[in-house]
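For reference, the structure is listed below as structure tokens.
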Amino acid sequence: MPDASRDVPVHSSPAVAANAEGDEIEVLESIDVLPVAPEDQWKSLFDKFDSESSGFISTERFRDLLAAHGSELDPHKLEVLLALADGNADGKICYQDFVNLLSNKRSNSFRRAILQGSRQLKGAGALGEEVGLGLSQRLVRHIAYETLPREIDRKWYFDSYTCCPPPWLILAITIAEVAVFMYYGLQLDRWVLQVSSPHFLRGPLPYHPQLRIQAWRYLSYAFMHAGIEHLGLNMAMQLLVGVPLEMVHGALRIGLVYVCGVLAGSLAVSVTDMTAPVVGSSGGVYALVSAHLANVVMNWSGMKCQFKLFRMAMALVCMSVEFGRAVWLRFYPPAFPPCPNPSFVAHLGGVMVGLTLGVVVLQNYEQRLQEQSLFWIFFSVYLLFVLCAVFWNVFAYSLLDVRLPPLFELQRWLHELHPPQPHRPPNKSGLNSAGLHAKSVGLFREN
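Okay, so the sequence shown: first residue is 6 according to this note's numbering, each after it adds one.
Below you can see the structure in the form of structure tokens.
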């Protein structure tokens, strides 16, 4: 016999909620707004219109629900809910769709998936059971299993991904880094350990403590690398991890993590290794890689990628090799002894960003970051660190009487190392001193 509470008119104000045991449904007092907390509260409201406990309600009932409570919802979410009802061809609304929309899902992506009719989770098998897929579809499925721990999110991503826009950000950064490296390689005539060239720090890109007033150097240093060994390791990790993450989470989110890692790297060097310059994109790369590895560990059982333990070990080996190279280079005898080699602390700054801000970004797939309290906590801590580092750069060097590398003496040393050849004007006969000497020797021999 059906429960009488299920026959309450749609436009009536009383709502229902489950008790602690979940066995009975009780009628609550009149409320004018929908509950906005955990999913089980939404379940009780949804059950009010699901007389058969099937997990679905009709689109007509769903529209009545929106008519009764839609004025209390965010207008953008109400628009997406209406799109959900309009785009459903079978006349039913899934409970999970209902929860996703009212639990801060990123509505733009969800609305696109609904309007395209591509999100069909009801009664579908696992994504790995799909057959007859093309090469691009298999690639998208592989990336979904690499980065997303929940099957519902993997299917959602697989159904809605259109490669528009493509993952352009990481590719553009990588191309720019290669172009800068090629330019300096030709200029310095050196490809391995470019930093050992005395002309390496004369460019406008590397961060140098003597030039810290030039604020762009806190970011532009990422486009220069100490040599092909430095660029190769960073580029490999950047492409293998950064491109799939950008395909899933978008350029804006991945760019935020990357830029925050780069900035944190240079600021960390300016605070802890105050006399050293910085080059390389390791801050941004380590932010992405450490965030991805932490996300895999935190969702170990949900991650269905193959050989995940081996691949995680290989990623850690690559990070360790690159970090070891940076530590070795820092204490390697520099080309100009008063000026030390680039610091390795930028790697650690990137890791800290990845383990805090980066993890929050990757954990909240298809959810609005601005509505996640943990995101604002970590972002506020990051901004506080940036502010403190700026004040440190302004006041600490003079207060601590730090002796900085003599950059201008480096230029003078280069001038002494390669002095310009003086131009000697020819005499009246049109011969210089060497010519006169040769002529005199010839005359002497003739006589």
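The beta carbon of each residue, even a glycine, is placed where N, CA and C say it ideally should be.
Taken in chain order, the complete alpha helix (DSSP H) segments of 4 residues or longer contained in the stretch 298-362 are 313-335 and 350-358. Spanning the alpha carbons of residue 207 and residue 354 requires a straight line of approximately 25 Å.
When beta bridges are read from the DSSP output, residue 212 appears opposite 283.
Counting the other Cβ atoms within 10 Å of the Cβ of residue 318 gives fewer than 16, which makes it exposed. The stretch 152-225 contains, as complete alpha helix (DSSP H) runs of 4+ residues, the segments 156-165, 173-193 and 222-225 (chain order). Within the same chain, Cβ atoms closer than 6 Å to the Cβ of residue 62 are found at 54, 55 and 98, the five residues on either side in sequence being excluded. The beta carbon of residue 150 lies closer than 7 Å to those of 159, 309 and 310 in the same chain, with the five residues before and after it left out. An exposed status is given to residue 305, since fewer than 16 other beta-carbon atoms sit within 10 Å of its beta-carbon.
In the structure shown, residue 372 adopts extended strand secondary structure according to DSSP, grouped into three states. Taken through DSSP and simplified to helix, strand or coil, residue 384 comes out as helix. Counting C-beta pairs closer than 8 Å gives three or more between the stretch 285-295 and the stretch 355-374, which meets the contact rule. Here the stretch 217-232 lies against the stretch 252-271, with 3 or more beta-carbon pairs under 8 Å apart.
Its Cα nearest to that of residue 322, the residue 239 stands out among 182, 68, 277 and 239. Take residue 337, set aside five residues on each side of it, and the residues of its chain with a beta-carbon closer than 7 Å to its own are 346, in chain order. The C-alpha of residue 179 lies about 23 Å from the C-alpha of residue 362. A contact between stretches requires three or more CB pairs, one per stretch, nearer than 8 Å, and the stretch 240-255 meets this requirement with the stretch 167-175. Closest in C-alpha terms to residue 258, from the list 68, 380, 218 and 302, comes 380. For residue 254, the number of other beta carbons within 10 angstroms of its own is at least 16, and it is reported as buried. Partner residues in the beta bridge of residue 99, as assigned by DSSP, are 61. In the structure shown, the three-state DSSP call for residue 404 is helix. One Cα belongs to residue 349, the other to residue 192, and the distance between them is close to 25 Å.
Under the DSSP assignment, residue 275 falls in the alpha helix (DSSP H) whose first and last residues are 256-277. A residue is called buried when at least 16 other Cβ atoms come within 10 angstroms of its Cβ; residue 52 meets this threshold and is buried. Under the DSSP assignment, residue 229 falls outside any alpha helix (DSSP H); it carries neither an H nor an E label.
In the structure shown, the three-state DSSP call for residue 238 is helix. No Cβ-Cβ contact shorter than 8 Å links residue 185 with residue 144.
Take residue 369, set aside five residues on each side of it, and the residues of its chain with a beta-carbon closer than 8 Å to its own are 377 and 380, in chain order. In this structure residue 275 touches residue 217 by the C-beta definition: roughly 6 Å separates them, less than 8 Å. About 19 Å separates the beta carbon of residue 188 from that of residue 282, a gap too long to meet the 8 Å contact definition. Residues of the same chain with a CB within less than 8 Å of the CB of residue 326, apart from the 5 flanking positions on each side, are 238 in chain order.
Rounded to the nearest angstrom, the gap between the Cα atoms of residue 303 and residue 141 is 29 Å.
When DSSP states are grouped into helix, strand and coil, residue 250 belongs to the helix group. The three-state reading of DSSP puts residue 377 in coil, since its state is none of H, G, I, E or B.
Under the 10 Å beta carbon count, residue 161 is surrounded by 16 or more other beta carbons and is classified as buried. In this structure residue 296 touches residue 262 by the C-beta definition: roughly 6 Å separates them, less than 8 Å. Straight across, the Cα-Cα distance linking residue 401 with residue 222 is about 19 Å.
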